[in-house]
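Numbering-wise (this note's numbering), the sequence shown opens with residue 1 and increments by one. All C-beta atoms, glycine included, are put in the ideal place defined by N, C-alpha and C. All values reported here derive from a predicted model rather than from experimental measurement. As structure tokens, the structure follows; a few thoughts come after it.
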Amino acid sequence: MYTTSHAGESRASLRARAFSRSTFASRPLMAAAGRSVLASPRLLTMTRPGVNRGLSLLSPVPRGTRITPVRELTDSGQVRGEWVHGRGRADVPAPSTDDTILYYLHGSGYVICSARTHRGLVARLAGRAGIGAFSLDYRLGPEHRWPSGGDDTVRGYRWLLDQGFDAGQIIVAGDSAGGHLALDLLAANHSDGVPQPRAMALFSPLYDPTFQLARDLADRGVRDPIIDVGAAVTFLGLYTAGADPDHPRMRIKLSPAMDLPPTLIQVGAREIMADDARTVHRRLLDAGGLSELQEWPGQGHVFQMFPYFSPESERAVGAAAEFISRQRRR
């Protein structure tokens, strides 16, 4: 099924346009930050906590949200993350209830952010869908190199299965690098004979590890208000550390044999990773999967995180929650 929609109004809201102008003005600072980090990766590890705190403040957590931290050692390594519960839900979803759960993979450029920075987005999404969510904390560069984040993602999914959840109860969601991790999870499940999740929701997913698709859009004049492509390349390089960009776990190949889950993809039409999202959409369809691509006019990278600055954020989260609700096990 080929579905592409231009969601929302024909242009961005006034508030979103004002936010875009202000953030775009700061992009030279982002580029300079990328160059500084390349010169001294230790600077990133020192400044990451402050950056993460700032991002957390920009993405509010709904009142009444409760958190249950997870730190559990398995035979293959540690699982770290948190259960996110909306108001009125049990502390931890019980597999025996047959409830659907969300397995969330945060964006990061593979070097920043955490389950905490994305707690607001996860809580809003899970709350609107009426389900509980497990948000994974995976290892980041430069302290940990590729494919540690992917290994943690696979381990987290297998841990949920070991807790008693059926694959049909799990909906995977992720943004940016988290979208790349979600695709890697599908490939790993297929390779290992593990059942695929019930459905998948991706926000501005990364597909091209060389960022050539993003560079091409930037060269054609696309002005993303959120991310700078040069800084993104620098950050990813601190994680991949010279890994072959054509490795199957870097440039992930999808095939009809993989039993691909129904997928929703949302992307800002004004972002430099829009072609990554479009490519994921085409690859899913070419592999026989079901995919819906929503392009939101005037929006930047993972705009869903910023409801204070973009009314479209809440509408997009609502649309994603509707998709999740449709996919829930009856």
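Here the alpha carbons of N189 and Y103 stand approximately 15 Å from one another.
In the structure shown, S135 adopts extended strand secondary structure according to DSSP, grouped into three states. Between the beta-carbon of F211 and that of A232 there is about 6 Å, and that keeps the pair under the 8 Å contact cut.
When DSSP states are grouped into helix, strand and coil, V79 belongs to the strand group. Across the structure, V70 and L260 are spaced so that their CA atoms are roughly 28 Å apart.
Judged by DSSP secondary structure, P41 falls within the alpha helix (DSSP H) whose first and last residues are P41 to L58.
Collapsing the DSSP output to three states places D208 in coil. For L260, there is no enclosing alpha helix (DSSP H), as DSSP marks it with neither H nor E. Secondary structure note for D175: its beta strand (DSSP E) is the uninterrupted segment I170 to D175.
In the DSSP assignment, F323 falls within the alpha helix (DSSP H) that extends over P311 to Q327. In the DSSP assignment, Y104 falls within the beta strand (DSSP E) that extends over I101 to L105.
Assigned with DSSP and collapsed to three states, S108 falls in coil, not helix or strand.
DSSP places P95 within a helical segment (H, G or I) once states are collapsed to three.
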